[in-house]
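Heads up, the sequence shown is in the working numbering, so the first residue is -10 and it goes up one at a time. Here the structure is laid out as structure tokens; the discussion comes afterwards.
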Amino acid sequence: IDMVGRIMSMGTLHKAYAATGAICTTGAAKIEGTVVHELLGKGALEAQEIRLGHPGGIIT
-10 IDMVGRIMSM
0 GTLHKAYAAT
10 GAICTTGAAK
20 IEGTVVHELL
30 GKGALEAQEI
40 RLGHPGGIIT
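Written out as structure tokens, the structure is:
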């Protein structure tokens, strides 16, 4: 897992991680200067996939 995330939907924590949030989070990971990019290690940034851990498992 490269990072762990939680997402709020309609005022409650989502039981997994919404696909729309995952798309935005992984997109931000590839953009220099974003918080997500700064938090990820060099190995994750060079990889073709980013593994996002969440309460329901892992999204790649």
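Glycine residues also receive a C-beta, built at the ideal position from the N, C-alpha and C atoms.
Q: Count the other CB atoms, across all protein chains shown, that sit within 10 Å of the CB of G10; report buried if there are 16 or more and exposed otherwise.
A: Locating residue 10 in the sequence shown gives position 21, counting from the first residue. So G10 counts as buried.
Which of the three DSSP states is assigned to H43 in this structure? Counted from its first residue, the sequence shown places residue 43 at position 54. Assigned with DSSP and collapsed to three states, H43 falls in strand.
inquiry  = Going by C-alpha to C-alpha distance, which of T1, G0, I20 and A8 sits closest to E35?
reply    = Locating residue 35 in the sequence shown gives position 46, where the first residue counts as 1. Distances from the alpha-carbon of E35 to those of T1, G0, I20 and A8 put I20 closest.
With a cut-off of 8 angstroms on the beta carbons, I'd call L28 and M(-8) a contact; round off their distance for me. As a first step, residue 28 is located in the sequence shown; it is residue number 39 there, counting from the start. As a first step, residue -8 is located in the sequence shown; it is residue number 3 there, counting from the start. Indeed they touch by this definition, with Cβ atoms about 6 angstroms apart.
Sequence-distant residues of the same chain with beta carbon closer than 7 angstroms to I(-10), five excluded per side: As a first step, residue -10 is located in the sequence shown; it is residue number 1 there, counting from the start. Here the set comprises R40, G42 and I47.
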